[in-house]
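Asks:
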Amino acid sequence: MKALIIDDDDFFIKQFVPQVELLMQTTFKEYTVDIINENFTSIKRLLDYDIIFLDIDLSNEYVNGLRIATNIKERNENALVIFVSNRVGLVHRTLAVQPTYFIRKNNTLKDMEVLTIIINRIFKRRLDTILFEYMGRKTSLKVSEIIYAESLGHNVILHTIDNTYEFRSNFQSLLKKFDHVKFTRIHKSYVININKVLEIRKNDICLENNIILPIGRKYKATVLDDYKESLLYDI
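Numbering of the sequence shown is given in numbering that gives the first Met the number 0, commencing with residue 0 and proceeding in unit increments.
#1: Within 10 angstroms of its Cβ, does LYS13 collect 16 or more other Cβ (buried), or is it exposed?
#2: On the three-pair Cβ rule with 8 angstroms, is the stretch 193-210 touching the stretch 142-155?
#3: So what does HIS91 bridge to, in DSSP terms?
#4: The alpha helix (DSSP H) that contains GLU112, what's its start and end?
#5: Excluding the 5 residues flanking ILE117 on each side, which residues of the same chain have their C-beta closer than 7 angstroms to its C-beta?
#6: Can you tell me which of the three DSSP states GLU76 falls into?
#7: Using a Cβ-Cβ cutoff of less than 6 angstroms, which residues in the same chain neighbour PRO213 once the five nearest sequence positions on both sides are dropped?
#8: Kindly indicate which three-state DSSP category GLU29 falls into: helix, strand or coil?
#9: Who does ASP203 pair with in a DSSP beta bridge?
#10: Are the stretch 213-224 and the stretch 188-204 touching, with three or more C-beta to C-beta distances below 8 angstroms?
#11: Extract the residue ranges of the alpha helix (DSSP H) inside the stretch 150-185, only unbroken runs of 4 or more that lie entirely within it.
#12: For ILE50 versus ILE5, is the C-beta spacing smaller than 8 angstroms?
#13: Given a threshold of 16 other Cβ atoms within 10 Å of its Cβ, counted over all protein chains shown, does SER172 qualify as buried or as exposed?
#14: Quickly, what does DSSP pair ASN192 with across the bridge? List them, please.
#15: For the beta strand (DSSP E) holding ARG136, just list the boundary residues, first then last.
#16: Taking buried to mean at least 16 other C-beta atoms within 10 Å of its own C-beta, is ILE121 buried or exposed?
#17: Please return the same chain residues whose Cβ sits closer than 6 angstroms to the Cβ of GLU165, not counting the five positions on each side in sequence.
#18: Does the distance from the CB of LEU126 to the CB of LYS137 come in under 8 angstroms?
#19: In whole angstroms, what is the alpha-carbon distance linking ASN85 and TYR133?
#20: Here's the rule: buried if 16 or more other CB atoms are within 10 angstroms of the residue's CB, otherwise exposed. What is LYS201?
#21: Does any residue of chain B have a CB that is nearer than 8 angstroms to the CB of LEU230?
#22: With DSSP as the reference, identify every bridge partner of ALA148, one or two as the case may be.
#23: Based on the DSSP output, what are the partners of PHE10 in its beta bridges?
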């Protein structure tokens, strides 16, 4: 797992690096922590990182933390961007790029404790798998890859970006297996991965992979609540 600190305050970096290393050490078996404290305009070298700690107020007339974060998220949507700043008033502006968290430079120890919990939860969710019988053999699938599940008679069909898997089950049994990824029922025949939602409209919902599904009237309020919650706490 690769972490990167982007900051031009060398004094702060010296204090902050041990805290980042502690987070990585307690969460991952293998990790690296790199630093960029100048030449912020080259975006290509930032795209290989999984977790990026980014100062909003970089002393560069051409770039700032928000612009860098936007470029990173456009090219690597799975990257976790954590803003770091003394200016708490900027939190609202950062929400446009959906950061994972906001670290206050004057309160790093407490904020890093919270961030450690968040990152553990995120990567637990990403690594979760579901085991099911498919075409006569046990099949394992990452839960985070599932866009939605469809009920068809006594079977369930899992839809991912590249494949579909149909096997004997029902929604009640299936949902018990989804511990760390939020799945929401939108219709008597459909359960969606709330993290795959692009847009909720009046009568239907748009998911990744250009998928459009109907929303049942009795499910819409719950879907909207779950979606709002996902925007606040996920990535």
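We treat Cβ as the ideally placed atom computed from N, Cα and C, and that holds for glycine.
Replies: The relevant details are as follows:
#1: Numbered from 1 along the sequence shown, position 14 holds the residue referred to as residue 13. Classification for LYS13: exposed.
#2: When C-beta atoms of the stretch 193-210 are compared with those of the stretch 142-155, three or more pairs fall below 8 angstroms, so the two segments count as touching.
#3: Sequence index remark: in the sequence shown, residue 91 carries index 92 (1-based). For HIS91, no pairing in a beta bridge is given by DSSP.
#4: Taking the sequence shown and counting its residues from 1, one reaches residue 112 at position 113. Segment 107-126, the alpha helix (DSSP H) holding GLU112.
#5: Taking the sequence shown and counting its residues from 1, the one referred to as residue 117 is at position 118. Its chain contains THR99 and TYR100 as the residues whose beta carbon lies nearer than 7 angstroms to that of ILE117, once the 5 sequence neighbours on both sides are disregarded; these appear in chain order.
#6: For the purposes of this step, residue 76 is taken as the residue at position 77 of the sequence shown. If DSSP states are grouped into helix, strand and coil, GLU76 belongs with coil.
#7: Residue mapping note: residue 213 aligns to position 214 of the sequence shown, counting from 1. The answer, listed in chain order, is HIS186 and ASP203.
#8: Residue numbering aside, residue 29 sits at position 30 when the sequence shown is read from its first letter. The answer is coil: DSSP assigns GLU29 none of H, G, I, E or B.
#9: As a working mapping, residue 203 is identified with position 204 in the sequence shown. ASP203 pairs with PRO213.
#10: Enough Cβ pairs lie closer than 8 angstroms, so yes.
#11: Here the runs fully enclosed are 170-174.
#12: Walking along the sequence shown from the start, residue 50 turns up at place 51. Walking along the sequence shown from the start, residue 5 turns up at place 6. Judged by their CB atoms, ILE50 and ILE5 are not nearer to each other than the 8 angstroms cut-off.
#13: Counting from 1 along the sequence shown, the entry for residue 172 is found at position 173. Exposed, because fewer than 16 other Cβ atoms sit within 10 Å of the Cβ of SER172.
#14: On the sequence shown, residue 192 is found 193 positions in, with the first residue counted as 1. In the DSSP assignment, ASN192 forms a beta bridge with PHE182.
#15: Counting from 1 along the sequence shown, the entry for residue 136 is found at position 137. Unbroken beta strand (DSSP E) run through ARG136: 136-141.
#16: If you number the sequence shown from 1, residue 121 lands on position 122. ILE121 sits buried, since 16 or more C-beta atoms from the chains shown fall within 10 Å of its C-beta.
#17: Counting from one through the sequence shown, the residue named residue 165 turns up at place 166. Close CB contacts of GLU165 within its chain, under the 6 angstroms cut and outside five residues either way in sequence, are with ASN154 and ILE156 (chain order).
#18: Residue 126 sits at position 127 when you count from the first residue of the sequence shown. Residue 137 sits at position 138 when you count from the first residue of the sequence shown. Taking C-beta atoms as the reference points, LEU126 and LYS137 fail to come closer than 8 angstroms.
#19: The residue labelled residue 85 in the question sits at position 86 within the sequence shown. The residue labelled residue 133 in the question sits at position 134 within the sequence shown. Cα to Cα, the separation comes out at about 53 angstroms.
#20: Walking along the sequence shown from the start, residue 201 turns up at place 202. Exposed, by the Cβ-count rule.
#21: Chain labels in this structure do not include chain B; a single protein chain is all it has.
#22: To locate residue 148, count along the sequence shown from 1; it is residue 149. Residue pairing by DSSP places ALA148 opposite LEU157 and VAL190 in a beta bridge.
#23: Counting from 1 along the sequence shown, the entry for residue 10 is found at position 11. Answer is none; PHE10 lacks a bridge partner.
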